[in-house]
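Single-structure report; data block below.
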Amino acid sequence: LFSSYPQAKTYFPHFDLHTGSAQLRAHGSRVVAAVGDAVKSIDNVTSALSKLSELHAYVLRVDPVNFKFLSHCLLVTLASHFPADFTADAHAAWDKFLSIVSGVLTEKYR
Amino acid sequence: MVHFTGEEKAAITDLWGKMNMEEAGGEALGRLLVFYPWTQRFFDSFGNLSSASAIMGNPKVKAHGKKVLTSFGEAMKNSDNLKGAFAKLSELHCDKLHGDPENFRLLGDVIVIVLATHSGREFTPDMQAAWQKLVLLLVLPLLWPTNTT
Chain A
4 LFSSYPQAKT YFPHFDLHTG SAQLRAHGSR VVAAVGDAVK SIDNVTSALS KLSELHAYVL
64 RVDPVNFKFL SHCLLVTLAS HFPADFTADA HAAWDKFLSI VSGVLTEKYR
Chain B
4 MVHFTGEEKA AITDLWGKMN MEEAGGEALG RLLVFYPWTQ RFFDSFGNLS SASAIMGNPK
64 VKAHGKKVLT SFGEAMKNSD NLKGAFAKLS ELHCDKLHGD PENFRLLGDV IVIVLATHSG
124 REFTPDMQAA WQKLVLLLVL PLLWPTNTT
């Protein structure tokens, strides 16, 4: 995300964002864990992510366009880590799922 | 004017050399048409696009995908004058075909994902960044109608 879309760094002035930094890895794990929570509650993503939805709406206020960038980078990472499993069907399903997750995180913005 | 660093050019040309244009191009265009069905609106003359398997197997889709990726290769040879190199394609896609710029951006992103799938762990963050830059630069000439320079 930060290599391809450096504008996203503005949300993390307090972080060391070099590839492999401890802060990057720690925060990345938190984000992916939250995606995992959404996967486990795939039939009710809205309720699974409701606290995060409020956090992003009222505190973080990350511009919605950045969720598209992050979703894209997640897809690229999945594709490169699991090339055999990341079939066209998997790609389609993940693309759809991540756009739902992004929607939930931004739905309380206004 | 955006320039590529030596590392970025190397990242791009290395991967380029390893790719099968027809396969990757066809796959990327096919996925665009399957995942974002509204993009099919430009391809009425391509025959059977009625299902995912019809699209992925459609010879015109494969041929056009190959054409698109091959033109990326040409563009890289002219990376300092993309606007000139792409002038005719720009006219075709904007003025005659009335393509929505967003669709070209989507295709660019699908191409990056297909590249990642084919390259596995070799597709590092730096590689992705170089390719995202290339894809954006290639799409830009197609975004601007030729009558507004």
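Line by line, the protein sequences are chains A and B.
Our numbering puts the first residue of the first sequence at 4, with every later residue one more than the last.
Our numbering puts the first residue of the second sequence at 4, with every later residue one more than the last.
Note that CB positions come from ideal geometry on N, CA and C, so glycine has one too.
Would you say A/Ala95 and B/Phe45 are within 8 Å of each other, going by their C-beta atoms? Against the first sequence, residue 95 of chain A aligns to sequence position 92. Against the second sequence, residue 45 of chain B aligns to sequence position 42. Not in contact: A/Ala95 and B/Phe45 (Cβ atoms no closer than 8 Å).
Can you give me the start and stop residues for the alpha helix (DSSP H) that A/Ser56 sits inside? The residue labelled residue 56 of chain A in the question sits at position 53 within the first sequence. Under the DSSP assignment, A/Ser56 falls in the alpha helix (DSSP H) whose first and last residues are Ser53 to Glu57.
Which value, in whole angstroms, describes the spacing of the CA atoms of B/Leu100 and A/Asp40? What you label residue 100 of chain B is simply residue 97 of the second sequence in a count that begins at 1. What you label residue 40 of chain A is simply residue 37 of the first sequence in a count that begins at 1. When rounded, the distance between both Cα atoms is 43 Å.
Quick one: which residues of the segment 94-107 of chain A get their C-beta closer than 7 Å to a C-beta of chain B? List them in chain order. Cβ proximity to chain B below 7 Å picks out His94, Ala95 and Asp98 from the segment 94-107 of chain A.
Taking A/His75 as the reference, give the member of A/His17, A/Arg64 and A/Phe100 with the closest Cα. One-based indexing of the first sequence puts residue 75 of chain A at position 72. Relative to A/His75, the option among A/His17, A/Arg64 and A/Phe100 whose CA is nearest is A/Phe100.
Assess contact between the segment 64-77 of chain B and the segment 21-35 of chain B, defined as three or more Cβ pairs (one per stretch) separated by less than 8 Å. Is contact present? At 8 Å Cβ cutoff, the stretches touch.
Under the three-state reduction of DSSP, which class applies to B/Asn61: helix, strand or coil? Taking the second sequence and counting its residues from 1, the one referred to as residue 61 of chain B is at position 58. Coil, per DSSP.
On a CA-only basis, which of B/Leu72, B/Glu25, B/Asn106 and B/Asp83 is nearest B/Asn61? Give me that one, please. To locate residue 61 of chain B, count along the second sequence from 1; it is residue 58. Across the set B/Leu72, B/Glu25, B/Asn106 and B/Asp83, the C-alpha of B/Glu25 shows the shortest separation from the C-alpha of B/Asn61.
By the 10 Å Cβ neighbour count, where 16 or more other Cβ atoms means buried, how is B/Ile58 classified, buried or exposed? Indexing the second sequence from 1 puts residue 58 of chain B at position 55. Flag for B/Ile58 reads buried.
Our contact map puts B/Val138 next to B/Val117 with C-beta atoms below 8 Å; I'd like the distance itself, whole angstroms only. Numbered from its first residue, the second sequence carries residue 138 of chain B at position 135. Numbered from its first residue, the second sequence carries residue 117 of chain B at position 114. In this structure B/Val138 is not in contact with B/Val117, their Cβ atoms being roughly 12 Å apart against a cut-off of 8 Å.
Work out the CA separation of B/Leu143 and B/Leu85 for me, nearest whole Å. What you label residue 85 of chain B is simply residue 82 of the second sequence in a count that begins at 1. What you label residue 143 of chain B is simply residue 140 of the second sequence in a count that begins at 1. Approximately 9 Å, taken between the alpha carbons.
Three-state secondary structure (DSSP) of B/His67: Your numbering for residue 67 of chain B matches position 64 in the second sequence. B/His67 falls in the helix class under three-state DSSP.
Using the beta-carbon of each residue, which ones in chain A are nearer than 8 Å to B/Gly123? The residue given as residue 123 of chain B occupies position 120 in the second sequence. By Cβ distance, chain A contributes Ser83, His84 and Pro86.
Quick check: what's the CA-CA separation for A/Lys12 versus B/Gln131? For the purposes of this step, residue 12 of chain A is taken as the residue at position 9 of the first sequence. For the purposes of this step, residue 131 of chain B is taken as the residue at position 128 of the second sequence. Taking the straight line joining both Cα atoms gives about 17 Å.
Name the chain A residues whose beta carbon is nearer than 8 Å to that of B/Pro104? As a working mapping, residue 104 of chain B is identified with position 101 in the second sequence. Chain A residues near B/Pro104: none, gap ~15 Å exceeds 8 Å.
Under 8 Å, Cβ to Cβ, is there at least one residue of chain B near A/Val79? The residue you call residue 79 of chain A lines up with position 76 of the first sequence. The Cβ of A/Val79 sits closer than 8 Å to at least one Cβ of chain B.
Let me know if B/Thr151 comes out buried or exposed under the rule of 16 or more other beta-carbons within 10 Å of its beta-carbon. Here residue 151 of chain B refers to the residue found at position 148 when the second sequence is read from its first residue. Here B/Thr151 scores only 46 on pLDDT, less than 50, and its place in the model is too uncertain to base an answer on.
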